[in-house]
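As given, the protein sequences belong to chains W and X, one line each in that order.
Residues 2 to 203, numbered by the working numbering, are exactly what the first sequence covers, in order.
Residues 2 to 203, numbered by the working numbering, are exactly what the second sequence covers, in order.
Even glycine gets a Cβ: it sits at the ideal position worked out from N, Cα and C.
Let me begin by presenting the structure, written as structure tokens, before commenting on it.
Number of protein chains: 2
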Amino acid sequence: SIPKKTVQRLLLYYRSLNFLLQQGIKNISSKSLAGLMEIRDSQVRKDLSYFGHLGKRGAGYDVLELRDKIARILGIEQVKNVCIIGMGSLGSALAAYKGFAALGFKVRAVFDNASHKVGRKIRGYECRPMEAMEKIIRQEDIEIAVLTVPADAAQEIAVRLEKCGIKAILNFAPVKLSLSRRVKVSNVDLAMEIKTLSFFIK
Amino acid sequence: SIPKKTVQRLLLYYRSLNFLLQQGIKNISSKSLAGLMEIRDSQVRKDLSYFGHLGKRGAGYDVLELRDKIARILGIEQVKNVCIIGMGSLGSALAAYKGFAALGFKVRAVFDNASHKVGRKIRGYECRPMEAMEKIIRQEDIEIAVLTVPADAAQEIAVRLEKCGIKAILNFAPVKLSLSRRVKVSNVDLAMEIKTLSFFIK
Ligand SMILES: NC(=O)c1ccc[n+]([C@@H]2O[C@H](COP(=O)([O-])OP(=O)(O)OC[C@H]3O[C@@H](n4cnc5c(N)ncnc54)[C@H](O)[C@@H]3O)[C@@H](O)[C@H]2O)c1
Ligand SMILES: NC(=O)c1ccc[n+]([C@@H]2O[C@H](COP(=O)([O-])OP(=O)(O)OC[C@H]3O[C@@H](n4cnc5c(N)ncnc54)[C@H](O)[C@@H]3O)[C@@H](O)[C@H]2O)c1
């Protein structure tokens, strides 16, 4: 199976190759691609080897062909349905973010438990009550939930999401979610990011 | 030097130990601490070995003593001055986030180049013009800049930040910043997070 770090780099390859196409560059060696991304040449070859032989030895890569191949591997064209739970400051900023739609993520529904928010439009989405969450996730075939609720509410909601068959959760609450392996969880802990960053500037 | 992954886990130890203190637990073995955090027992011992011998063999760790030791290592008490550049949806959500202040990060100034934002209060902070950025960073002794501007504006601002002596940048724009090693950069790429997450739910 493919390491998570390799998958993360694939998106960087995809962006770099798009940048090269905009510059009108048709062909590139693994060495130059590595230079552009500031990673080692051997890393480029190792990453791409997971996906079959993509370049010709000594002739480098065809930029358009490599970009399209990576787009297929990443499923750039695929649309994945997403919902956002907790339409506070972070949830509503994420709802407004065009970068998700550009990668094929379509926000299909947003939820909150605050009575003054439910039934109103936030960032163009009608805010739905938490009681309707399970029904709407099934109806809209939603695979990914973005969790932007307070830390003390996150676990209980995550268990409900698991029960209604959600496939993955992008969790912003600073708590570890305890769920079965059936649900993929990715935690984004912004407080940890800034704390780690500051640790190294002693 | 200490691996970044270990530093990130330190914050998780800090949170877990606080949780134990709230539950009134005074002592814990590395095995139970590992269980609480869902990591291997050997990882706990390895992480804590970077910081000297913290527990007594066979007697486990004193929860309060370990928490305070980790707080000192992380510099939880230290206040670090932060500024936010780009007060759009994400920047203003981050400005409002109480989780940063709880870890000693104080937002000292916020900046934007939109004339209808400059001079007005956003989330309680007076939005300052970009022309004043260098002066205010020096005046307020700001060490960390949070960059929440569009991708095409990020590099130019990052170079200005480097020139005025910023120590670290938490970058949310989906571009790689080219700076000297003097500035520590941490990239949070939310589009990459969700794309990587969805890759594994094929
Ligand atoms: N704002 C940020 O920049 C930021 C940064 C890092 C992490 N976070 C984390 O993201 C989460 C959201 O932060 P925020 O700043 O947007 O908070 P917020 O208070 O602005 O928003 C939280 C939202 O969740 C809703 N909510 C509360 N309990 C709920 C429940 N049981 N079910 C459904 N909805 C519920 C509230 O009504 C509110 O709209 C928090 O866990 C926070 O720690 C936020
Ligand atoms: N909104 C999100 O949830 C989200 C998620 C992931 C990544 N991002 C990234 O974070 C950044 C900000 O996103 P956003 O959604 O808040 O965008 P936004 O358009 O709401 O905010 C951008 C802000 O930057 C200001 N700005 C533009 N050019 C500037 C310049 N040269 N100098 C100073 N200020 C300038 C604008 O006036 C605006 O206030 C983008 O790079 C985006 O890709 C946002």
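Near ligand 2: lysine 118(X) beta-carbon under 7 Å from a heavy atom: Start at 1 with the first residue of the second sequence, and residue 118(X) comes out as number 117. Look at lysine 118(X): its beta carbon is less than 7 Å from one of the heavy atoms in ligand 2.
Interface partners of phenylalanine 1(X) on chain W, CB under 8 Å: This structure cannot speak to residue 1(X), because chain X is shown only from 2 to 203.
Any non-hydrogen atom of ligand 1 within 7 Å of asparagine 188(W) CB: On the first sequence, residue 188(W) is found 187 positions in, with the first residue counted as 1. No.
Contiguous beta strand (DSSP E) assignments of at least 3 residues, all confined to the stretch 80–109 of chain X: Segments of the beta strand (DSSP E) lying fully in the stretch 80–109 of chain X: 81–86.
Below-8 Å beta-carbon distance, lysine 118(X) vs any chain W residue: Reading the second sequence from its first residue, position 117 is the one you call residue 118(X). Taking Cβ atoms only, chain W never reaches closer than 8 Å to lysine 118(X), which makes this a no.
Coarse secondary structure for lysine 196(W), derived from DSSP in three states: Taking the first sequence and counting its residues from 1, one reaches residue 196(W) at position 195. Helix, per DSSP.
Neighbourhood of tyrosine 51(W) by C-beta, 8 Å cutoff - its chain only, sequence neighbours within 5 removed: Taking the first sequence and counting its residues from 1, the one referred to as residue 51(W) is at position 50. Counting only Cβ-Cβ distances below 8 Å, and skipping sequence neighbours, we find Ile3, Thr7.
Whether lysine 81(W) touches isoleucine 145(W) by CB criterion (8 Å): By 1-based counting over the first sequence, the position of residue 81(W) is 80. By 1-based counting over the first sequence, the position of residue 145(W) is 144. In this structure, the beta-carbon distance from lysine 81(W) to isoleucine 145(W) falls below 8 Å.
Three-pair Cβ contact test at 8 Å for the stretch 91–100 of chain W versus the stretch 119–126 of chain W: The answer is yes - the stretch 119–126 of chain W touches the stretch 91–100 of chain W, with three or more Cβ pairs under 8 Å.
CA-to-CA distance, arginine 68(X) to leucine 75(X), given in whole angstroms: Numbered from 1 along the second sequence, position 74 holds the residue referred to as residue 75(X). Numbered from 1 along the second sequence, position 67 holds the residue referred to as residue 68(X). Between leucine 75(X) and arginine 68(X), the alpha-carbon positions lie close to 10 Å from each other.
Exposed unless 16 or more other CB atoms sit within 10 angstroms - verdict on alanine 169(W): For the purposes of this step, residue 169(W) is taken as residue 168 along the first sequence, with counting starting at 1. Alanine 169(W) should be labelled buried.
Exposed unless 16 or more other CB atoms sit within 10 angstroms - verdict on lysine 20(W): One-based indexing of the first sequence puts residue 20(W) at position 19. According to the sequence provided, residue 20(W) is phenylalanine. The question's lysine does not apply to it. Exposed: under 16 other Cβ atoms inside 10 Å.
Backbone CA spacing between valine 119(X) and cysteine 128(X) [nearest angstrom]: Sequence index remark: in the second sequence, residue 119(X) carries index 118 (1-based). Sequence index remark: in the second sequence, residue 128(X) carries index 127 (1-based). Pairing valine 119(X) with cysteine 128(X), the inter-Cα distance amounts to about 5 Å.
Contact set for proline 151(W): own chain, Cβ-Cβ below 7 Å, skip 5 residues either direction: Position 150 of the first sequence, counting from 1, holds the residue named residue 151(W). Closer than 7 Å at Cβ, skipping near neighbours: Ala174.
Within-8 Å CB hit, glycine 100(W) to chain X: Position 99 of the first sequence, counted from the first residue, corresponds to residue 100(W). It does; some Cβ of chain X falls within 8 Å.
Interface flag, glutamate 141(W) vs chain X, CB-CB below 8 Å: Counting from 1 along the first sequence, the entry for residue 141(W) is found at position 140. Answer no: the Cβ-Cβ gap between glutamate 141(W) and chain X never drops below 8 Å.
Through-space distance from aspartate 48(W) to alanine 35(W), alpha-carbon basis: Translated into the one-based positions of the first sequence, residue 35(W) becomes position 34. Translated into the one-based positions of the first sequence, residue 48(W) becomes position 47. Cα to Cα, alanine 35(W) sits roughly 11 Å from aspartate 48(W).
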